[in-house]
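Down below is the structure, laid out as structure tokens.
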Amino acid sequence: MNLELQDKVILVSGGAAGIGSAIVTAAAREGAIPIIIDRNEETARALAKNLRAEGLRCEVVLLELKTADDCRLAVEDALRLHAKIDALVNNAGVNDGVGLEHGNPERFQQSVHSNLMHYYALAHYALPALKLTSGSIVNIASKVALTGQGNTSGYAAAKGAALALTREWAVELLPFGIRVNAVLPAEVMTPLYRHWISTFPEPEAKLKSIERSIPLGHRMTTPEEIASTVIFLLSPRSSHTTGQFLHVDGGYAHLDRAL
Ligand code: NAP
632 MNLELQDKVI LVSGGAAGIG SAIVTAAARE GAIPIIIDRN EETARALAKN
682 LRAEGLRCEV VLLELKTADD CRLAVEDALR LHAKIDALVN NAGVNDGVGL
732 EHGNPERFQQ SVHSNLMHYY ALAHYALPAL KLTSGSIVNI ASKVALTGQG
782 NTSGYAAAKG AALALTREWA VELLPFGIRV NAVLPAEVMT PLYRHWISTF
832 PEPEAKLKSI ERSIPLGHRM TTPEEIASTV IFLLSPRSSH TTGQFLHVDG
882 GYAHLDRAL
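Next up, the structure:
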């Protein structure tokens, strides 16, 4: 299937690693022009270099998305590179373990801010350009928004808000033909996940027990499987899909995990 993404400019926050890098790679392979927005210079530049070596296109905007101004600059830099935006993937995020009992209100606020604010601000600053292209937005949320995880109140609140904003923006942007959807990963092996699993006393045993609880295939979802769904949602092939939450998780959130 031709996804009709040729020459489409796609901004991907956190595009240097993990799920973001798989989205960037999939977009480039469809002939699109992904723009990585990330704070990791080495990984961002290496990914762009590898894709260019394959004859594909990819740009890098190096930034830590901390403030609204960072987000404005990221969008301005992207527009300087290609003068249009066809799609935005809000993906950067960190499950930073700020719990109810073992956190505090200041750390909670900081966690919500660092996981959520840039979702809003990137969409806000990209909106004038997205209106010109009747573009598309995908928000990467998490199963944590629906299942909880324990000890991660800030992240859970931010991911829940990402789902709420998906529906809210889908409605607000109807007049412009801009579609907004969310993808909810559950268990995907990425640098972030590897770090999280390493915090357990027996990481390998913990990983095995998680894999056993994933209904389809008793295995982790790959970043590429998340990317395929995201790319489809960004493409005109999903032209009547908006305000949707797509779980790409081997049935983790909805099927019986005691199988
Ligand atoms: P990852 O492996 O950490 O990759 C994310 C990339 O984004 C990293 O390069 C990271 O830099 C960068 N980044 C994070 N916050 C940033 C910021 N404020 N400004 C600039 N760059 C930033 O993460 P991932 O596992 O691919 O996760 C991607 C998204 O999927 C996140 O929103 C996460 O919550 C969601 N998710 C993942 C899973 C999973 O199983 N992996 C499950 C559910 C949801 P650093 O390395 O410096 O942090």
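Quick note on numbering: the sequence shown equals residues 632 to 890 in the numbering used here.
Backbone N, C-alpha and C fix where the C-beta goes; we use that ideal spot for every residue, glycine too.
Only counting runs of 4 or more residues, tell me where the alpha helix (DSSP H) segments fall wholly within the segment 817-887, in order along the chain. 822-828, 834-843 and 854-865
What is the residue span of the alpha helix (DSSP H) that Asp700 lies within? Start at 1 with the first residue of the sequence shown, and residue 700 comes out as number 69. Note, Asp700: alpha helix (DSSP H), Ala699 to His713.
Using 10 angstroms around the beta-carbon of Leu747, count the other beta-carbons present and answer buried if the total reaches 16, otherwise exposed. Along the sequence shown, read from residue 1 onward, the residue named residue 747 stands at position 116. The residue in question, Leu747, is buried, as its Cβ has 16 or more Cβ neighbours within 10 Å.
Inter-residue Cα distance where the pair is Arg850 and Asp880: Residue mapping note: residue 850 aligns to position 219 of the sequence shown, counting from 1. Residue mapping note: residue 880 aligns to position 249 of the sequence shown, counting from 1. Linking Arg850 to Asp880 through their CA atoms gives a straight-line distance of about 10 Å.
Host beta strand (DSSP E) of Arg900 (start-end): Outside the displayed span of the chain (632 to 890) sits residue 900, for which this structure offers no information.
Bounding residues of the alpha helix (DSSP H) (the contiguous stretch that carries Val802): Taking the sequence shown and counting its residues from 1, the one referred to as residue 802 is at position 171. Per DSSP, Val802 belongs to the alpha helix (DSSP H) from Ser784 to Glu803.
What residue range is occupied by the uninterrupted alpha helix (DSSP H) comprising Leu758? Within the sequence shown, residue 758 is the residue found at index 127, counting from 1. First-last of the alpha helix (DSSP H) with Leu758: His749 to Thr764.
Classification of His885 by the beta-carbon crowding that lies within 10 angstroms, buried from 16 upward: Sequence index remark: in the sequence shown, residue 885 carries index 254 (1-based). So His885 ends up on the exposed side.
If distances are taken between C-alpha atoms only, which option among Arg810, Glu732, Pro736 and Ile841 comes closest to Arg825? Position 194 of the sequence shown, counted from the start, is the residue given in the question as residue 825. Taking only the C-alpha atoms, the option nearest Arg825 is Ile841.
Shorter than 8 Å, the distance from the beta carbon of Leu823 to the closest heavy atom of ligand 1, or not? Sequence index remark: in the sequence shown, residue 823 carries index 192 (1-based). Yes.
With distances taken from CA atoms, which of Glu818, Met632, Phe739 and Thr872 is nearest Arg843? The residue you call residue 843 lines up with position 212 of the sequence shown. Cα-wise, what sits closest to Arg843 is Glu818.
Would a C-beta distance cut-off of 9 Å place Ala709 and Val655 closer than the cut-off? On the sequence shown, residue 709 is found 78 positions in, with the first residue counted as 1. On the sequence shown, residue 655 is found 24 positions in, with the first residue counted as 1. No; because the gap between Cβ atoms is not below 9 Å, this pair is not in contact.
Supposed contact pair Leu761 and Ser719 - C-beta distance, whole angstroms, cut 8 Å: Residue mapping note: residue 719 aligns to position 88 of the sequence shown, counting from 1. Residue mapping note: residue 761 aligns to position 130 of the sequence shown, counting from 1. Inspection of the sequence shows that residue 719 is occupied by Leu rather than by Ser. Indeed they touch by this definition, with Cβ atoms about 7 Å apart.
Report the CB separation of Val643 from Ile664 in whole angstroms; it is logged as a contact under 8 Å. Walking along the sequence shown from the start, residue 643 turns up at place 12. Walking along the sequence shown from the start, residue 664 turns up at place 33. At roughly 11 Å, the Cβ-Cβ gap does not stay under 8 Å, so Val643 and Ile664 are not in contact.
Drop a sphere of 10 angstroms on the beta-carbon of Arg810, count the other beta-carbons inside from all chains shown, and report buried for 16 or more, exposed for fewer. Along the sequence shown, read from residue 1 onward, the residue named residue 810 stands at position 179. Classification of Arg810: buried, given that the 10 Å Cβ count is 16 or more.
For Glu737, report the span of its alpha helix (DSSP H) as first-last. Start at 1 with the first residue of the sequence shown, and residue 737 comes out as number 106. Looking at the DSSP string, the run of the alpha helix (DSSP H) that includes Glu737 is Pro736 to Val743.
Please name the residue in Leu877, Ala754, Ala793 and Ala648 whose C-alpha comes closest to that of Arg703. Translated into positions along the sequence shown, residue 703 becomes position 72. If we check each option's Cα against that of Arg703, Ala754 comes out closest.
If you reduce the DSSP assignment to three classes, tell me which class Arg810 lands in. In the sequence shown, counting from the first residue as 1, residue 810 sits at position 179. Of the three classes helix, strand and coil, the one that applies to Arg810 here is strand, per DSSP.
May I ask whether a heavy atom of ligand 1 can be found less than 8 Å away from the beta carbon of Ser859? Counting from 1 along the sequence shown, the entry for residue 859 is found at position 228. Answer for Ser859: no, Cβ out of range of ligand 1.
Going by the C-beta, is Thr698 closer than 8 Å to any heavy atom of ligand 1? Your numbering for residue 698 matches position 67 in the sequence shown. No, since every heavy atom of ligand 1 falls outside the 8 Å radius drawn around the Cβ of Thr698.
Going by alpha carbons, who is nearest to Asn721 out of Leu634, Tyr883, Gly734 and Ala789? The sequence position of residue 721 within the sequence shown is 90, counting from 1. The alpha carbon of Asn721 has as its nearest neighbour, out of Leu634, Tyr883, Gly734 and Ala789, the alpha carbon of Ala789.
Is it a yes or a no for the segment 861-868 touching the segment 632-639, going by three-plus beta-carbon pairs under 8 Å? yes
What are the boundary residues of the beta strand (DSSP E) that Ile771 is part of? Within the sequence shown, numbered from 1, the residue matching residue 771 stands at position 140. Looking at the DSSP string, the run of the beta strand (DSSP E) that includes Ile771 is Ser767 to Ile771.
The alpha helix (DSSP H) spanning Leu777 covers which residue range? Reading the sequence shown from its first residue, position 146 is the one you call residue 777. Looking at the DSSP string, the run of the alpha helix (DSSP H) that includes Leu777 is Val775 to Thr778.
Ala714 Cβ short of 8 Å to ligand 1 heavy atom set: What you label residue 714 is simply residue 83 of the sequence shown in a count that begins at 1. No, the beta carbon of Ala714 sits no closer than 8 Å to any heavy atom of ligand 1.
For Leu847, which residues from the same chain have a beta carbon less than 7 Å from its beta carbon, with the 5 sequence-adjacent residues on both sides left out? Mapped onto the sequence shown, residue 847 falls at position 216. The answer, listed in chain order, is Gly881 and Gly882.
If you follow the beta strand (DSSP E) that Ile641 is part of, which residue opens it and which one closes it? Position 10 of the sequence shown, counted from the start, is the residue given in the question as residue 641. Ile641 -> beta strand (DSSP E) spans Val640 to Ser644.
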